[in-house]
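Trainee:
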Amino acid sequence: MNFNEFNFHPDIAKGVRIAGFSEPSPIQEMAIPIIENGKDMVGQAHTGTGKTAAFGLPILDKIAKGSCERALIITPTRELATQVSDELYHLGRFAGIRTLTVYGGVGYGRQIALIHKGVQIVVATPGRLKDLYKKGKIDTFNPEIVVLDEADEMLDMGFLDDIKEIFEYIPQNRQTLLFSATMPEPIKDLAENILYHPEFVSVVNEAETVNNIIEQRYYVIEENQRDEAIVKLLETEDTEKCIIFCRMKREVDRLSEHLQALGFSAKGLHGDMEQDERDAVIKAYRRGEVKIMIATDVAARGLDVKGVSHVFNYHIPFDPQSYVHRIGRTGRAGKSGQAITLVSTEEFKELQRIRKEVGAEMKLATIENSYALQHDDYEAIMTKINSINITQDAKIFTESYILNDKDLILEKLLSYYLTRESGAFGGTIGFDETEVQDLMASYNNEQTVINKQNRRKKRR
Ligand code: AMP
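Numbered per the numbering used here, the sequence shown spans residues 519 to 978.
#1: Is Leu752 near Phe573, with beta carbons less than 8 Å apart?
#2: When the Cα of Leu578 is compared with those of Ile530, Lys652, Tyr714, which residue comes out closest?
#3: Can you give me the Cβ contacts of Arg871 inside the same chain, cut-off strictly under 8 Å, excluding the 5 residues immediately before and after it?
#4: Alpha carbon to alpha carbon, how far is Glu662 from His715? Give it in angstroms, no decimals.
#5: So, Phe763 versus Pro835, is the Cβ gap smaller than 8 Å?
#6: Say whether the stretch 636 to 654 touches the stretch 558 to 572, bearing in mind that this needs 3 or more beta-carbon pairs closer than 8 Å, one atom from each stretch.
#7: Is any heavy atom in ligand 1 found nearer than 7 Å to the beta carbon of Asp822?
#8: So is Ser543 buried or exposed if we call it buried at 16+ other beta carbons inside 10 Å?
#9: Give me the Cα-Cα distance between Arg805 and Arg611, rounded to the nearest whole angstrom.
#10: I need the straight-line Cα distance from Val799 to Asp956, nearest angstrom please.
#11: So the beta strand (DSSP E) Tyr736 belongs to, where does it begin and stop?
#12: What would DSSP say about Glu865, mapped onto helix, strand or coil?
#13: Straight-line CA distance for Gln629 to Lys655?
#14: Name the one or two DSSP bridge partners that Cys586 has.
#15: Three or more C-beta pairs under 8 Å: does that hold for the stretch 641 to 648 against the stretch 675 to 682?
#16: Roughly how far, in whole angstroms, is the beta-carbon of Thr848 from the beta-carbon of Ile732, given that I think they are within contact range, below 8 Å?
#17: According to DSSP, is Ser783 part of a helix, a strand, or is it coil?
#18: Taking 7 Å as the cut-off, is the CB of Gly566 close to at least one heavy atom of ligand 1?
#19: In its own chain, which residues sit with a C-beta less than 8 Å from the C-beta of Gly533, not counting the 5 before and 5 after it?
#20: Residues in its own chain within less than 7 Å of Gly568 by CB, not counting five upstream and five downstream?
#21: What would DSSP say about Met519, mapped onto helix, strand or coil?
#22: Does Gln693 pass the burial test, meaning 16 or more other C-beta atoms within 10 Å, or should it be called exposed?
#23: Thinking C-beta only, is Ala582 closer than 8 Å to Ile615?
#24: Check each candidate in Glu755, Lys652, Gly786, Arg744 and name the one with the smallest Cα separation from Lys767.
#25: Confirm, please, whether the CB-CB distance from Val738 to Phe949 is below 8 Å.
#26: Would you list the residues sitting across from Gly855 in a DSSP beta bridge?
#27: Please say whether Ile761 and Val829 have beta carbons closer to each other than 8 Å?
#28: Any heavy atom of ligand 1 closer than 7 Å to the Cβ of Phe573?
#29: Just reading off the alpha helix (DSSP H) that Asn711 is part of, what are its end residues?
#30: I'd like the span of the beta strand (DSSP E) that includes His828, first residue to last.
#31: Looking only at its chain, what residues have a beta carbon closer than 6 Å to the beta carbon of Ala802, apart from the 5 residues adjacent to it on each side?
#32: Starting from the Cα of Gln778, find the closest Cα among Ile810, Ile684, Gly789, Ala747 and give me that residue.
#33: Could you give the distance in angstroms between the alpha-carbon of Val665 and the alpha-carbon of Asn555?
#34: Compare the Cα-Cα distances from Gly538 to each of Pro551, Asn520, Ile550 and report the closest residue.
#35: Please return the same chain residues whose Cβ sits closer than 6 Å to the Cβ of Ser603, not counting the five positions on each side in sequence.
#36: Give the straight-line distance between the Cα atoms of Gly566 and Leu821, rounded to the nearest whole angstrom.
Below, the structure written as structure tokens:
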């Protein structure tokens with residue numbers, strides 16, 4: 519299918535062309551005609567499917583053609599609000615469509631003034647939007663189309679009551695669209711209450727994303743090898759920009775300090791940081807001034823940054839959905855990406871659960887540790903040394919290495935000897951295939967025993 523078939527207003531069609539979208543993604547193909555027809559809709563889709571443009575393009579088109587004056591989009595986080603706003607700006611800029619992002623943590627004055635000045639699209643987070651409605655500051659903004667984006671995230675973040683309250687202020691004669699990656703009961707109930715005879719569209723299949731080329735690897739390590747493993751991976755992988763996901767805020771702080779101390783261009787991102795600080799980190803990361811972002815799940819939710827070559831799971835996430843969400847930060851917009859997960863032997867069972875539930879194809883891998891890397895260098899240097907006359911040609915050897923990184927080579931040579939002296943040998947970080955098979959076998963045995971016990975319990 520071609521975007522021309524939607525008959526968008528020429529200014530919107532130009533926005534699509536300049537954005538470089540060649541053909542609609544599955545959610546766009548299904549949702550755009552429904553939304554253009556004025557029907558309510560539930561779209562089950564996660565980020566990476568092109569869902570923002572799926573609701574954004576028909577809204578922009580209607581505004582450009584004059585059949586809609588105002589639209590409201592509600593998103594769970596400020597980061598997502600900014601992202602949606604940016605995408606709408608880029609797609610709608612040739613039609614001169616004005617979009618405003620409304621969120622908490624900043625003064626009310628400017629936001630209210632801009633709403634009154636006559637913006638056509640407001641993208642808002644629930645807390646601030648509710649406040650504005652309650653204070654009667656947004657009465658003049660009567661949206662004809664309302665989008666609830668990432669509804670399940672709003673539920674997880676405790677915004678459900680705010681959402682229900684917001685809808686009490688919004689006029690009934692509206693078109694309502696609800697997007698959610700999953701459909702838990704409270705979201706189904708919400709959909710029943712705020713939507714009118716909605717159409718359902720679902721793209722939950724990985725293959726239906728605009729970006730599905732993610733190579734997934736995992737390393738089974740000892741708990742105390744995490745830092746060493748991550749550093750080695752950062753040193754040896756060909757990374758462009760990467761995100762390292764941690765479970766806890768303090769882990770984010772500690773790891774970012776550690777990596778900064780080692781000279782990596784790294785910054786942390788988590789919910790306890792001031793909003794200004796969070797914005798600055800994301801901005802620097804988007805621009806490529808910071809190469810490594812260390813983040814918690816919540817902080818990086820829905821983040822769409824171009825050129826993320828690697829996602830590292832420093833710790834395995836708590837649930838399968840988070841895994842899918844995390845790895846979706848890479849391999850975007852048709853580029854391939856690497857998703858690398860570190861699991862301890864204790865976490866190995868959780869990994870099996872995630873693999874099974876999300877049907878993830880993950881390959882086991884091992885990392886060469888310092889000794890192995892040093893050993894490679896040593897081998898190369900020794901070959902060179904053996905092929906020359908050491909006493910006479912020592913100078914030539916040194917000079918030839920000046921062109922490569924002399925300091926590094928000497929340092930590695932030295933540390934190799936020191937390592938050898940201390941007897942700290944060992945070729946790789948991480949369990950190899952046989953060890954993981956043993957682990958798997960013990961896990962399966964355990965499962966069989968548990969299953970048998972459960973069957974016995976049932977019989978009784
Ligand atoms: P989303 O699922 O809305 O977060 O979109 C994911 C990414 O895909 C964004 O960077 C979009 O700009 C991009 N995108 C959306 N639609 C298309 C399309 N039809 N072709 C190529 N890229 C797209």
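We put the beta carbon where it would ideally sit given N, CA and C, even for glycine.
Quick caveat, the model's predicted, so the values are computed rather than measured.
Mentor: Looking at the atomic coordinates:
#1: Result no, Cβ atoms of Leu752 and Phe573 do not sit closer than 8 Å.
#2: When only C-alpha atoms are compared, the closest one is Ile530.
#3: Excluding sequence positions up to five before and after Arg871, its CB lies within less than 8 Å of the CB of Pro838, all in the same chain and listed in chain order.
#4: The C-alpha of Glu662 is placed about 17 Å away from the C-alpha of His715.
#5: Yes, these two residues count as a Cβ contact at 8 Å.
#6: The stretch 636 to 654, when compared against the stretch 558 to 572, does not touch it at the 8 Å Cβ threshold.
#7: At a threshold of 7 Å, Asp822 counts as near ligand 1, since its beta carbon sits closer than that to one of the ligand's heavy atoms.
#8: Buried, since its Cβ has 16 or more Cβ neighbours within 10 Å.
#9: Distance between the alpha carbons of Arg805 and Arg611 is about 21 Å.
#10: Rounded to whole angstroms, Val799 and Asp956 show a C-alpha spacing of 43 Å.
#11: That run of the beta strand (DSSP E) goes 732 to 739.
#12: In the structure shown, Glu865 adopts coil according to DSSP, grouped into three states.
#13: Cα to Cα, Gln629 sits roughly 10 Å from Lys655.
#14: Cys586 is not bridged to any residue.
#15: Verdict: yes, contact present.
#16: Rounded, the Cβ-Cβ distance is 6 Å, consistent with contact.
#17: It is coil, neither helix nor strand.
#18: Yes, Cβ of Gly566 sits closer than 7 Å to a heavy atom of ligand 1.
#19: Hits under 8 Å: Leu578, His608, Leu609, Gly610, Arg611, Phe612, Ala613.
#20: Within the same chain, Gly568 has close Cβ partners Ser543, Ile545, Gln546, Val728.
#21: Taken through DSSP and simplified to helix, strand or coil, Met519 comes out as coil.
#22: Under this definition Gln693 is a buried residue.
#23: Cβ distance < 8 Å, so Ile615 and Ala582 count as in contact.
#24: Cα-wise, what sits closest to Lys767 is Gly786.
#25: Closer than 8 Å, so yes.
#26: Paired residues: Ile732.
#27: Yes, these two residues count as a Cβ contact at 8 Å.
#28: Checking the Cβ of Phe573 against ligand 1 gives no.
#29: That run of the alpha helix (DSSP H) goes 703 to 712.
#30: If you look at His828, you'll find it in the beta strand (DSSP E) that goes 826 to 831.
#31: Non-local beta-carbon contacts of Ala802 in its own chain, meaning distances under 6 Å to residues more than five positions away in sequence, involve Val808 in chain order.
#32: Taking the Cα of Gln778 as reference, the smallest distance to any Cα among Ile810, Ile684, Gly789, Ala747 is reached at Ile810.
#33: Roughly 15 Å separates the two Cα atoms.
#34: Considering only alpha carbons, the answer is Asn520.
#35: Contacts found: Thr617, Thr619, Val641.
#36: Going from the Cα of Gly566 to the Cα of Leu821 covers about 10 Å.
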